[in-house]
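If you count the sequence shown from 1, position 61 lands on 1505 in the numbering used here, and the numbers rise without skipping. Even for Gly, the Cβ is constructed at its ideal location relative to N, Cα and C. Bear in mind that the values here come from a model prediction, so they are computed numbers and not experimental data. Data first, discussion second: the structure below is written as structure tokens.
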Amino acid sequence: MFGWRCSLGAAAVLLTCQAAAAAVTLRIEAEQCTVAGRSQRHGVGSASGGTALWTFGGQLTWDAITPAGRYRLLLRVRAGADVDRELGVRDEPRYSATVDGRPVALRLVPGSLVYDSDDDNWAWLAGDADDLSAGWHRVQFSSTWHYGRWDVFVLTQDEQFTPAARPPFGEATPPDLSLLSPTERQRYQGFTLWAAPLEANCPPDARPEEADTVSRVALLACRGERAAAAINVTNWLDTAVRFQAGVEFAAPKGTRVAGDVVSLRYAVPLPSPGEPIADALPELDEAGLVTVPAGETRQLWVEVDTRRLWAGRYEWRLRVRPLDAPRRCEAQTFTIALRVAPATLPRQHPLPFFTCEYDAEPLGMEADMPAHWVSLYHNCSLPSPADPRPDFSKMDRLVRRKLGLAGARGIYFEHWWFRLDDSWKNPAQRAAWVRGTRRWAQHVTRDLGLRYDQFVLHIYDEQRGAAVDDFLAAREIVREADPRVRVDVTLPAGITLAEVRKMKDAADVWCPFMSLLEDAEIMAFLRGTGKPIWPYHCAEDKRYWPPAHYRRWPWQLYHARADGIFLWTYLRADPWDGHLWDGGMVFPGPRGVVPSRRWNLLRQGLEDWLLLQAAERAGHGAVVRQAVAAVLQAAEPGPVMRHWHDRLVTLLDARGAKR
């Protein structure tokens, strides 16, 4: 009906201003108002009337933004029926209106009647709205005529304004939001989209720091990285709002990009001591729905898998549309701009990466674990060495399944038999334990076909004090059974150098707790043995070790020249209960495992590690050392890691351009 030129979308109030000193006229279609009750669109437009709304006993609200002045209110409505063509507008009209709760006395505008058919007949009603201040006003419409119709509403300062009997009814422009305070503007628009750091928690009371937030984020990545952006949605209304979110490819035009290159997740704030922690990142459902309670904030997580993109510049639009908010609250968009550099990360990470999954097989792990660079898989289904007729069937099934996963390079076997059954300490039973261990090693290497460098055996855990002697005695049983079987040693925080020295000949792989990387004496001793060092970490207190800590960890591993990475644990207990110490990195879900913010940031850290290695090999060793030092010394490492990540990509990009 109008010549719509509305940057906020067609559901906005429409404002037309001629010159600065000219009278102001505001127009809106009934369909662009907020509907309450049973009012609804019914039928189609016609030459004499637009796509109007039937009243059906309901109510409409027009959220109008006006400059200060004296106004008249005009309504274009259904006039009557074939039996009485003026029954809705004659004398005391069956339509009513209020402005900020004040009733407006309406009268028929002479000469405005149009009758083309029983349904298609119209007239204008007008009344004084009196003086309105500059700002936001609520204009509400109702009708005692069940079969009345609303078509167009006008607020005008022009005393000479005469509405046209038939469309068109004039041009329209967006509302002047500059007439609102920042707080009013937020409530008028209903919600705000704003960018947030990936590593920052998003509790329900999170708020944007600036009233006018940016609507674009620029990302930089090498091919093979997962680039991500976090966009928060703050609901300023007094009621919960369901939003529909979706990501559309925007540029470059004419380029075909698979839809699953981009995933859209949201951060679930789980109850915990203190503020809720938004750690779980499930994908949005097929409809893209997410509900934001009144006055709260939720976070959307947009991730781009660059492994299937060529080098170049790309743009996506995140569109967030409220489904049950007032009509003034329109869809908003957020642009994710990504530049993919020509440098390409390797498909296989040089660091062996192991998580303690304890033979768990949650739905979706076969895709999730390789996607996070896991390459060594846990197997705890070893029968007791004391069992003369061992059943290897479960162990074999798990070995074959996990070695079939993308990027799998080996198995981390673990059993508790030396810790649970003391019979091996009995000299009369020792030979049986040796035979049982040898039988297992032969089965693994001959029947399953694993090379000795494809597996390691864990028989004791974090041993100290007297447990060191027990471990050494058990280690001799393994050595006597098959000296080529590698055994790892986990070194807990607080262990002494003397205890470590005592286990020198028993260890084939050292697994020091992360804090020991700061112990110069112990680390110098471990390096002096020439054996692989796989530091381990425990995914426990989510508040003490916040998400940025997990991205920082691989930087620390690079600084320490570690040979592998060991994480306890993949999935443990019930992480949905909000317990801070559940020890897991993922959440079980009905359609597959749900990654945590920490898990995805650890993956980003491992990709940072690859960039550090590539930059150093390209001759940028001094820059790499500067970057690592800056990250490890930073009190807030998140922004520092993002800065040096982009600097490293730029260095590698320049090297590729020279070629």
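Query                                                                                                                                                                  : Result
In angstroms, rounded to a whole number, what distance separates the CA positions of GLU1536 and THR1683?                                                              : 36 Å
Kindly indicate which residue of THR1788, ARG1686, PRO1717, SER1716 has the alpha-carbon position closest to the one of THR1741.                                       : ARG1686
Pull up the DSSP beta-bridge partners for SER2040, would you.                                                                                                          : ALA1724
If you draw a straight line from the C-alpha of GLN1462 to the C-alpha of ALA1731, how long is it?                                                                     : No answer about GLN1462 holds up, because its pLDDT of 37 lies below 50 and its placement is not dependable.
As an exercise, report each continuous alpha helix (DSSP H) stretch of at least 4 residues that is fully enclosed by the stretch 1944-1981, in chain order.            : 1964-1973
Determine the contact status of LEU1728 and LEU1708, defining contact as a CB-CB distance below 8 Å.                                                                   : yes
Please indicate yes or no: does the CB of VAL1661 lie closer than 7 Å to some heavy atom of the ligand SAH?                                                            : Annotation note on the ligand SAH: not contained in the displayed structure, which lists no ligands.
Tell me which residue opens and which closes the alpha helix (DSSP H) that ILE1921 is part of.                                                                         : 1910-1925
Within the continuous beta strand (DSSP E) that includes THR1881, where are the two ends?                                                                              : Unbroken run through THR1881 is the alpha helix (DSSP H), 1871-1886; no beta strand (DSSP E).
Are there 16 or more other CB atoms within 10 angstroms of the CB of VAL1457, so buried, or fewer, so exposed?                                                         : In this predicted model, VAL1457 has a pLDDT of only 36, less than 50, meaning its place in the structure is not dependable enough to derive any value.
Can you list, in chain order, the stretches of the beta strand (DSSP E) that have 3 or more residues and sit fully within the stretch 1662-1704?                       : 1670-1679, 1685-1695
Short of 8 Å in beta carbon distance, which residues of its chain neighbour HIS2023, apart from the five on each side in sequence? Order them along the chain.         : SER1716, ALA2017
Name the DSSP bridge partner or partners of HIS1822?                                                                                                                   : TYR1856
Tell me the rounded alpha-carbon separation between ALA1712 and ALA1722.                                                                                               : Just to set this straight, residue 1712 is Val in the shown sequence, not Ala. About 5 Å.
Does the distance from the C-beta atom of LYS1946 to that of VAL1912 stay below 8 Å?                                                                                   : yes
Return the chain-ordered list of same chain residues with a C-beta closer than 7 Å to the C-beta of ALA1467, the five sequence neighbours on each side being excluded. : THR1600, GLN1601, ASP1602
Considering Cα atoms alone, identify which of THR1588, LEU2050, GLY2036 is closest to GLU1810.                                                                         : GLY2036
With distances taken Cα to Cα, identify the nearest neighbour of GLY2108 among TYR1988, PHE1798, PRO2081, PRO1827.                                                     : With the chain represented from 1445 up to 2103, any question about residue 2108 goes unanswered, as that position is not in the structure.
Quick check: the stretch 1965-1973 against the stretch 1988-1997, are there 3 or more CB pairs under 8 Å?                                                              : no
How should THR1940 be labelled, buried or exposed, when 16 other C-beta atoms within 10 angstroms of its C-beta is the threshold for buried?                           : exposed
Is PRO1991 helix, strand or coil when you go by DSSP?                                                                                                                  : helix
In terms of residue numbering, what span does the beta strand (DSSP E) encompassing ASP1574 cover?                                                                     : 1565-1576
If we count Cβ pairs, one from each stretch, closer than 8 Å, do we get three or more for the stretch 1546-1566 versus the stretch 1467-1485?                          : no
List the endpoints of the continuous alpha helix (DSSP H) containing TRP1861.                                                                                          : 1861-1864
Among TRP1760, ARG1772, TYR1856, which has the Cα closest to the Cα of PRO1796?                                                                                        : TYR1856
Taking the alpha-carbon positions, what's the ASP1564 to PRO1648 distance?                                                                                             : 49 Å
Is THR1505 helix, strand or coil by DSSP?                                                                                                                              : strand
Let me know if ARG1520 comes out buried or exposed under the rule of 16 or more other beta-carbons within 10 Å of its beta-carbon.                                     : buried
Where does THR1627 fall in DSSP's three states?                                                                                                                        : helix
Over what stretch of residues does the beta strand (DSSP E) that includes GLY1513 continue unbroken?                                                                   : 1513-1522
From the DSSP output, in three-state form, read off ASP2021 for me.                                                                                                    : helix
Counting C-beta neighbours from all protein chains within 10 Å, is the total for LEU1807 16 or more, i.e. buried, or is it exposed?                                    : exposed
Quick check on LEU1795: does DSSP put it in helix, strand or coil?                                                                                                     : coil
Apply the 10 Å Cβ neighbour rule to ASP2052 and answer buried if 16 or more other Cβ atoms are within range, or exposed otherwise.                                     : buried
Using a Cβ-Cβ cut-off of 8 Å, state whether ARG1534 counts as contacting chain C.                                                                                      : In the displayed structure, chain C is absent; only one protein chain is listed.
Does DSSP put GLU1759 in a helix, in a strand, or in coil?                                                                                                             : strand
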